[in-house]
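Residues 209 to 462, numbered by the numbering used here, are exactly what the sequence shown covers, in order.
Each residue gets a CB set at the ideal place from its N, CA and C atoms; glycine is no exception.
All of these numbers come straight from a predicted model, not from anything done at the bench.
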Amino acid sequence: MVKLAFVDDEKEYTMEMERICREFGVENHCGIETCSFSDAAAFLDAFREGSFDLVFMDIYMDGMDGVSAAARMRERDKNCLLVFLTSSAEFMPEAFSCHAFEYVTKPFSEERIAAVLGDALKVRPDTAKYIEIQSDRRMVPVLLGSIAYAVTDAHYLDIGRADGVTLRSRMTLAAFLDQIGEDARFITINKGIVVNADYILTFEDNCCILESGLQFPVRVRDFLKIEQAVRDYHFKKIHERQSLSAGRHGKKEG
């Protein structure tokens with residue numbers, strides 16, 4: 209679940225932001241939770257480290273301005289993504305001293321906000337995307353980032369989460385892979401066995417060992433190929449984060 213905060217004293221903008229973000233969540237199958245504040249003081253009263261993943265902060269507000277509020281926010285949380293909203297670029301240099309992720313001018317378009325949300329998910333992909341699994345006669349939403357492995361067992365599929373919970377579902381591995389789409393994290397290491405590369409600790413004696421200590425056999429003839437695929441995934445992830453960070457810095461300097 210991605211937790212968003214909107215801090216803006218113009219209600220029409222917060223209502224529009226909520227609508228755009230809800231629709232983005234539905235279209236991209238990711239969980240989004242929103243919370244709106246009409247002034248900076250109310251936001252700071254509610255804000256704690258980890259309270260939100262992304263904050264849209266208006267710069268021009270009655271009372272405390274957005275830049276001052278963002279500076280206070282940064283004293284409590286260095287990692288929360290921050291996007292400034294404003295009708296003028298006058299305070300852009302000062303705003304980016306608060307380590308802003310983006311800067312959006314009003315009036316904004318739906319496409320502009322969707323692009324910002326898309327970039328945010330590239331930075332924090334594990335917090336949002338989910339699938340729904342039928343287990344114990346009910347539909348259970350499961351974050352993709354929480355899935356450590358999926359293993360077939362006759363006509364069932366055991367889906368193991370990182371918290372140790374295993375969901376048992378009457379579905380095929382092919383159906384599972386179709387639901388998650390083209391997600392490079394999930395690598396097939398043997399017939400009926402898929403693991404999330406983010407939870408792999410090491411490879412040893414033709415086995416894939418997860419951080420939890422669980423071990424799964426790796427297809428011997430493809431062992432080196434599978435091991436390389438995991439390395440390539442981690443290399444690409446690091447490269448994408450570096451590129452995205454460089455792109456944001458370029459925008460700020462420009």
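Three-way DSSP call (helix, strand, coil) for residue i in this model
{"i": "ILE267", "result": "coil"}
{"i": "PHE443", "result": "helix"}
{"i": "PHE181", "result": "Summary: the structure shown does not reach residue 181, with the chain confined to residues 209 through 462, and so no result is reported for it."}
{"i": "LEU337", "result": "Here the sequence assigns Lys to residue 337, which means Leu is not the residue at that position. Strand."}
{"i": "LEU422", "result": "coil"}
{"i": "PHE255", "result": "coil"}
{"i": "ALA308", "result": "coil"}
Cutoff 7 Å; reference residue i; Cβ partners in own chain excluding five residues on either side
{"i": "ARG282", "result": "CYS306, HIS307"}
{"i": "VAL324", "result": "VAL291, GLU310, VAL312"}
Cβ pair residue i, residue j closer than 8 Å
{"i": "TYR338", "j": "CYS416", "result": "no"}
{"i": "LEU212", "j": "GLU241", "result": "yes"}
{"i": "VAL350", "j": "LEU375", "result": "yes"}
{"i": "SER377", "j": "ILE341", "result": "yes"}
{"i": "PRO156", "j": "ASN398", "result": "Only positions 209 to 462 of the chain appear in this structure, which leaves residue 156 out of reach."}
{"i": "ILE408", "j": "ILE321", "result": "no"}
{"i": "ALA277", "j": "LEU293", "result": "no"}
{"i": "VAL402", "j": "ALA358", "result": "yes"}
Cβ-based neighbour list, residue i, same chain, cut-off 6 Å, excluding 5 preceding and 5 following
{"i": "ASP216", "result": "THR222, ASP266"}
Residue i: CB within 7 Å of a non-hydrogen atom of the ligand NAP
{"i": "ASP371", "result": "This structure lacks the ligand NAP; in fact it carries no ligand of any kind."}
Exposure label - residue i; buried when at least 16 CB within 10 Å
{"i": "THR313", "result": "exposed"}
{"i": "THR410", "result": "exposed"}
{"i": "ASN287", "result": "exposed"}
{"i": "MET379", "result": "buried"}
{"i": "ASP406", "result": "buried"}
{"i": "SER317", "result": "exposed"}
{"i": "GLY233", "result": "buried"}
{"i": "SER343", "result": "buried"}
Sequence-distant residues of the same chain with beta carbon closer than 8 Å to residue i, five excluded per side
{"i": "ASP247", "result": "VAL215, ASP217, MET269, ASP270, GLY271, MET272"}
{"i": "PRO260", "result": "Position check: residue 260 holds Phe in this sequence, whereas Pro was assumed. Hits under 8 Å: LYS211, LEU212, ALA213, CYS243, CYS288."}
Chain C contact for residue i (CB, 8 Å cutoff)
{"i": "VAL263", "result": "Included in the structure is just one protein chain, with no chain C present."}
4 or more residues per run - each alpha helix (DSSP H) lying fully within the segment 216–245: For the segment 216–245, whole alpha helix (DSSP H) runs of length 4 or above, ordered along the chain, are 219–235.
Runs of alpha helix (DSSP H) lying entirely within the segment 344–392, each at least 4 residues, in chain order: 381–388
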